[in-house]
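Undergrad:
Number of protein chains: 2
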Amino acid sequence: MYILLLYPSFVCSYEPIVVDVNEGRQIIDGIKKGDEIYFPFSFIKPYYEAYSSEKNGVVYFKHNNAIFRDVAGYTPTGNYLNFDKIAVENWDNYFDGHSIPVNNFRWGQHYYPISILHYGISHHAQKLKCGHNCDIDSNYDNSVDKWINYSGQDNISANGEGVRFTGLDSSYMLKINSSEKYINLDLAFRNANYRVYFEVETTDGIKHIQLNAGSGSHSLNDKYYYVGVPLKTFENRRITIFRDLQTDVKKMFGATYKSLLSVKVRGDVDVFSVSTSKTNHTRIIKRVADWLLEKQDSLGAWPSEFDHMFYSGRTEVMKAGWYSAMAQGLAISHLVRAHSLLGDEGYLDSARSALQIYSVPVSSGGVLDYYDSRPVYEEYPTTPSSHVLNGFIFALLGLYDLQEYDSNIYARDLYEEGFNTLENILPLYDMGNRSAYDLTHISSKTYPNIARWSYHATHVHQLKVMMSISKSTVIKEFHDRWYEYAFGFKVKTN
Amino acid sequence: MYILLLYPSFVCSYEPIVVDVNEGRQIIDGIKKGDEIYFPFSFIKPYYEAYSSEKNGVVYFKHNNAIFRDVAGYTPTGNYLNFDKIAVENWDNYFDGHSIPVNNFRWGQHYYPISILHYGISHHAQKLKCGHNCDIDSNYDNSVDKWINYSGQDNISANGEGVRFTGLDSSYMLKINSSEKYINLDLAFRNANYRVYFEVETTDGIKHIQLNAGSGSHSLNDKYYYVGVPLKTFENRRITIFRDLQTDVKKMFGATYKSLLSVKVRGDVDVFSVSTSKTNHTRIIKRVADWLLEKQDSLGAWPSEFDHMFYSGRTEVMKAGWYSAMAQGLAISHLVRAHSLLGDEGYLDSARSALQIYSVPVSSGGVLDYYDSRPVYEEYPTTPSSHVLNGFIFALLGLYDLQEYDSNIYARDLYEEGFNTLENILPLYDMGNRSAYDLTHISSKTYPNIARWSYHATHVHQLKVMMSISKSTVIKEFHDRWYEYAFGFKVKTN
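Taken in order, these protein sequences are the chains called A and B. Counting from 0, one number per residue, gives the positions in the first sequence under numbering that gives the first Met the number 0. Counting from 0, one number per residue, gives the positions in the second sequence under numbering that gives the first Met the number 0.
1) Count the C-beta pairs between the region 384–397 of chain B and the region 416–425 of chain B that are closer than 8 Å, then say yes if the count reaches three, no if not.
2) Counting pairs of Cβ atoms below 8 Å between the region 118–133 of chain B and the region 247–264 of chain B, do you hit three or more?
3) Alpha carbon to alpha carbon, how far is Glu377(B) from Glu304(B)? Give it in angstroms, no decimals.
4) Closer than 9 Å, Cβ to Cβ, to anything on chain A: give me those residues from the region 58–80 of chain B, in chain order.
5) From Ser8(B) to Cys11(A), what does the alpha carbon distance come to, in whole angstroms?
6) Cβ closer than 9 Å: which chain A residues qualify as neighbours of Arg373(B)?
7) Compute the Euclidean distance between the alpha carbons of Gly56(A) and Gly213(A), then round it to the nearest angstrom.
8) So, for Gly29(B): in the same chain, excluding its five sequence neighbours on each side, which residues have a beta-carbon less than 8 Å away from its beta-carbon?
9) Looking only at its own chain, which residues have a Cβ that is under 7 Å from the Cβ of Lys294(B), when we skip the five neighbours before and after it?
10) Grab the span of the beta strand (DSSP E) containing Pro302(A) for me, first residue to last.
11) Just list the residues that DSSP pairs Tyr37(A) with in beta bridges.
12) For Tyr436(A) versus Ala456(A), is the C-beta distance shorter than 9 Å?
13) Pick helix, strand or coil for Ser339(A), following the three-state DSSP scheme.
14) Alpha carbon to alpha carbon, how far is Lys285(B) from Phe94(B)?
15) Considering only their Cβ atoms, is the gap separating Leu401(A) from Arg336(A) smaller than 9 Å?
16) Have a look at the DSSP bridge pairing and note the partners of His207(B).
17) Name the DSSP bridge partner or partners of Phe94(B)?
18) Among all the DSSP beta bridges, which residues are the ones paired with Lys465(A)?
19) Run down chain A in chain order and give the residues with a C-beta less than 8 Å from the C-beta of Asn493(B).
20) Under the three-state reduction of DSSP, which class applies to Gln355(B): helix, strand or coil?
21) Mind pulling the chain B residues with CB within less than 8 Å of Pro426(A)?
22) Between Gly431(B) and chain A, is there a C-beta pair that is closer than 9 Å?
23) With a threshold of 7 Å on Cβ separation, who are the neighbours of Ile85(B) within its own chain once the five nearest residues in sequence on each side are excluded?
24) Taking its Cβ as the centre, do 16 or more other Cβ atoms sit within 10 Å of Arg242(A), making it buried, or is it exposed?
25) Output the boundary residues of the beta strand (DSSP E) element that contains Val262(B).
26) For Arg282(B), name the three-state secondary structure that DSSP assigns.
27) Anything in chain B within Cβ reach of Glu422(A), meaning under 8 Å, just list it in chain order.
28) For a test of the three-state rule: what should DSSP assign to Asp412(A), helix, strand or coil?
29) Looking at the structure shown, is Gly72(B) part of a helix, part of a strand, or coil, going by DSSP?
30) Note down the Cα distance separating Glu200(B) from Pro112(B), rounded to an integer number of angstroms.
31) Which residues share a DSSP beta bridge with Gly161(B)?
32) Can you tell which of Ser467(A), His458(A) and Asn279(A) has the C-alpha that lies nearest to the C-alpha of Asp136(A)?
33) Starting from the Cα of Gln161(B), find the closest Cα among Ala187(B), Ile182(B), Asn154(B) and Tyr149(B) and give me that residue.
34) Hey, how far is the Cα of Asp69(A) from the Cα of Gln108(B)?
35) Buried or exposed: Ser99(B), going by 16 or more other Cβ atoms within 10 Å of its Cβ?
36) Compute the Euclidean distance between the alpha carbons of Asp168(A) and Tyr181(A), then round it to the nearest angstrom.
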């Protein structure tokens, strides 16, 4: 013990040591062992932005907190980047009566074409993976005698291939008892006098999700989630209504979906078929494509109907009705894929029409801007220009898809001009250790808007795709370097 | 001891732990103590580029390895940035027969105007600091009877205020015995038949530094360092020759200068005065200014007479005779300062004449290039353009000096246009955690040329100066942020 007290390092070769960081800006506790000094991760993590976890006695240090995926082999009808891994259902949104996602922005709830297209394209990507092994419907007998009249007088009749309900006072129920998450109804609302309920069992008890005629608004109480179905063009037409009950239950009741107990109907509704399914990719793909057809305006574009400040202090507000080249590109990519899967020629016509706005300058309300006289298709048509990189590349991919799929010469010209721009402006986004998100710093005369790692990963995925569809050595060089940035590589100094 | 063996952590709370870095790219040895993981500095240092030293049991961690100085209060005749701390004598060069530094480039020994101007301006800055307390000559009696004839027949005579030596066969010596580092001679070489030796005592014994007529070449053996003095315009004219003996001894003999024992002369030389001094700022300022007058060409510029590859793989070779806006700017700054100190009107005329080349495009052999239609004065007139930041700002400072000192309207216009460019292109050099050295990555479509910390410090010093002479909030913002980059600050991500 005498020796131990005099020579504690004899049994413990580590000694605490004070570390002065940058001339006293921080003082931290390090460890000295032999000639080596050890720095605590609690210093490294915020100072350098680093990540770590510990598992089975090993520390895993990570330079980034993003997920890099293999996105090789791009085709206009194939998997779109890493979109097979995207779940818009988990974003901050809700689904309207026609199962189109509506964003919960801080500034309100709005349809956002870019989000809707992520929803559509991601389900296309998922469909490609599961092929014929998914989207399998469990069909329920929809004959008159299966519907139980549980309230009011009996007012049901056979109507061709389906059943006809009449009058809000007569309530019917079809027993389902399925744990499949999607409920799908082919039906026609003959007018606004109807209710359709899905009675679900959840970890928080029985809940009802109720569709009724409405502008698309929705409301909620402890037991009922009311979803308005905008009738408009659908009124008295046969349509498909489906719900992702799992997502509804989670978003609206904060509970976990267990099963669909029954479908309840009252009012002036014709029901042609009832099914449930584990997946619903095809219906979602079609639903989004149909939404695009419905919403495309006279300029072939999908405006965002809310004022939007892209970068406070750097850009002016974009007034409601602004267009996005990224939305156009994603829309074309979705429409091409939907056409390839579903064959609706209207989808291809819509995609062609979507090209127009690429040639309209931002100053005239379009999405075309310039960097150093080179055309850039803008995700955000801001003043001054923002040149958001990922949005520009999404816009290019739409052009590529239509050029390839439709041998479209107009798309080809737009693509080639834009691709040439891309090769020339990529250096402006290269920070030597990461990429920048946009070029707002140039017009605003300030610091670059550095991409968070998830966006850096998006850039890498996009460049990987561009590599697979071009022989550009510039694109390859940037891809390879930007990928390595994510794992600590930095370029040399002069 | 039983307990000790079972619970070693009882006496040593540190445990080794394996750290996997970036999915197995590196495996390092960390330390775990409680919830904290410690990383070895031997990992941090190369991974992040960090610096540290240990002193008195404290570790000093540094984000950069540069020196940041207070350079506030810029005036056209004041201290030039941090140049009072620059010692061109320590650079890789030698000093020609007229004490002008000649760079030892990998590709040969060449006069380099930029280095010569660092030499001149740094001595001006040092002179400002020591004022009348420096540049004090210790004068030696130069009368005929002080010169000892130690070889050949006697051939010395009084010649006005000096002494006249004649014939290479007659050798004379004047005893000095001074440890002052500069030897200064006012003399005239009547023709090329002469030798002047400085006999010095060094830590490696007695050495001789010998001046003789020559093109400027120099040679060396174990005991003698031969320096050629180009006669040209000086022949048979009274000139001042001086040597920094300490620097000569160090560079040529790898030894330390101890004292000057004697000056030896033979040949057709008139000597008017002999002195030594501890400093020689004024003679150096004048010498460099006179060199500028001598070398300024018909375009008012100082060409570099060697081929130069600024950035292999990114720019084409600049052919011998290329001009540099940085050289022009430094030259103007030196000439203005020399004029203010010495009053020679020729210096101011030369400075005015130096403006011409600022308006000549690189494509026509000048230094004017453009970024996005904005004029940039180029340190290196490369194809494609390089837009080296520090060189551009040095070029601007010359313009500022002449605008202020000479109320020069042409300089003012050039300055204001260039300053406007500077405010607009600074964002392109901002990497979010450090600055870039140039913009070669843009035209070359590749990664940025990140400034090493010493150049980053130069940028910070330059911006500090620009802040002191302008009210630009842009300049101040960049200065403040770039300064903080040097101590670990990084801008946020999107």
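C-beta atoms are modelled at their ideal positions from N, C-alpha and C, and glycine is treated no differently. Quantities reported herein were computed from a predicted structural model and do not represent experimental measurements.
TA: Reading off the structure:
1) yes
2) no
3) Mapped onto the second sequence, residue 304(B) falls at position 305. Mapped onto the second sequence, residue 377(B) falls at position 378. Between Glu304(B) and Glu377(B), the C-alpha separation is close to 17 Å.
4) Val58, Tyr59, Phe60, Lys61, His62 and Asn63
5) Residue 8(B) sits at position 9 when you count from the first residue of the second sequence. Residue 11(A) sits at position 12 when you count from the first residue of the first sequence. Only weak support is given to the placement of Ser8(B): the predicted model assigns it a pLDDT of 45, under 50, and the question is left unresolved by the model.
6) Counting from 1 along the second sequence, the entry for residue 373(B) is found at position 374. Neighbours of Arg373(B) on chain A: none; closest Cβ ~11 Å, over 9 Å.
7) Taking the first residue of the first sequence as position 1, residue 56(A) is located at position 57. Taking the first residue of the first sequence as position 1, residue 213(A) is located at position 214. Their backbone Cα atoms lie some 57 Å apart in a straight line.
8) One-based indexing of the second sequence puts residue 29(B) at position 30. Here the set comprises Pro15, Ile16, Val17, Val18, Ile36, Tyr37, Phe38 and Pro39.
9) In the second sequence, the residue the question calls residue 294(B) occupies position 295. Hits under 7 Å: Trp301.
10) Position 303 of the first sequence, counted from the first residue, corresponds to residue 302(A). From DSSP, Pro302(A) is part of no beta strand (DSSP E); its letter is neither H nor E.
11) As a position in the first sequence, residue 37(A) is number 38, starting the count at 1. Tyr37(A) pairs with Ile30(A) and Pro39(B).
12) As a working mapping, residue 436(A) is identified with position 437 in the first sequence. As a working mapping, residue 456(A) is identified with position 457 in the first sequence. For Tyr436(A) and Ala456(A), no; Cβs fall outside 9 Å.
13) Counting from 1 along the first sequence, the entry for residue 339(A) is found at position 340. Note: Ser339(A) maps to helix in three-state DSSP.
14) Reading the second sequence from its first residue, position 286 is the one you call residue 285(B). Reading the second sequence from its first residue, position 95 is the one you call residue 94(B). C-alpha separation (whole angstroms): 15 Å.
15) Along the first sequence, one-based indexing puts residue 336(A) at 337. Along the first sequence, one-based indexing puts residue 401(A) at 402. No; because the gap between Cβ atoms is not below 9 Å, this pair is not in contact.
16) For the purposes of this step, residue 207(B) is identified with residue 208 of the second sequence, where counting begins at 1. The partner list for His207(B) (beta bridge, DSSP) reads Glu198(B) and Tyr223(B).
17) Against the second sequence, residue 94(B) aligns to sequence position 95. Its beta-bridge partners are Pro100(B).
18) Taking the first residue of the first sequence as position 1, residue 465(A) is located at position 466. It should be pointed out that residue 465(A) corresponds to Met in this sequence rather than to Lys. DSSP output for Met465(A) lists no bridge partner at all.
19) Against the second sequence, residue 493(B) aligns to sequence position 494. Here the neighbours are Tyr436, Asp437, Asn448, Ile449, Ala450, Arg451 and Tyr454.
20) The residue labelled residue 355(B) in the question sits at position 356 within the second sequence. Residue state, collapsed to three classes: helix.
21) As a first step, residue 426(A) must be located in the first sequence, where it is residue number 427. Within 8 Å Cβ-Cβ: His440, Ile441, Ser443, Lys444, Thr445, Tyr446 and Pro447.
22) Indexing the second sequence from 1 puts residue 431(B) at position 432. Gly431(B) counts as touching chain A.
23) Indexing the second sequence from 1 puts residue 85(B) at position 86. The residues are His117 and Ser121.
24) Residue numbering aside, residue 242(A) sits at position 243 when the first sequence is read from its first letter. So Arg242(A) counts as buried.
25) Looking up residue 262(B) in the second sequence gives position 263. Unbroken beta strand (DSSP E) run through Val262(B): Tyr256 to Ser276.
26) Within the second sequence, residue 282(B) is the residue found at index 283, counting from 1. DSSP places Arg282(B) in helix when its eight states are reduced to three.
27) Here residue 422(A) is taken as the residue at index 423 of the first sequence, counted from 1. Going along chain B in sequence order, the residues near Glu422(A) (Cβ under 8 Å) are Lys444.
28) The residue you call residue 412(A) lines up with position 413 of the first sequence. Note: Asp412(A) maps to helix in three-state DSSP.
29) Your numbering for residue 72(B) matches position 73 in the second sequence. Reduced to three states, the DSSP call for Gly72(B) is coil.
30) Counting from 1 along the second sequence, the entry for residue 200(B) is found at position 201. Counting from 1 along the second sequence, the entry for residue 112(B) is found at position 113. When rounded, the distance between both Cα atoms is 33 Å.
31) The sequence position of residue 161(B) within the second sequence is 162, counting from 1. Looking at the DSSP assignment, Gly161(B) forms a beta bridge with Asn158(B).
32) Residue 136(A) sits at position 137 when you count from the first residue of the first sequence. Considering only alpha carbons, the answer is Asn279(A).
33) For the purposes of this step, residue 161(B) is taken as the residue at position 162 of the second sequence. Contrary to the premise, residue 161(B) reads as Gly rather than Gln in this sequence. Nearest option by C-alpha distance: Ala187(B).
34) Here residue 69(A) is taken as the residue at index 70 of the first sequence, counted from 1. Here residue 108(B) is taken as the residue at index 109 of the second sequence, counted from 1. So the alpha carbons of these two residues sit roughly 53 Å apart.
35) Position 100 of the second sequence, counted from the start, is the residue given in the question as residue 99(B). Reading off the sequence, residue 99(B) comes out as Ile, not Ser. That one is buried.
36) Taking the first sequence and counting its residues from 1, the one referred to as residue 168(A) is at position 169. Taking the first sequence and counting its residues from 1, the one referred to as residue 181(A) is at position 182. About 27 Å.
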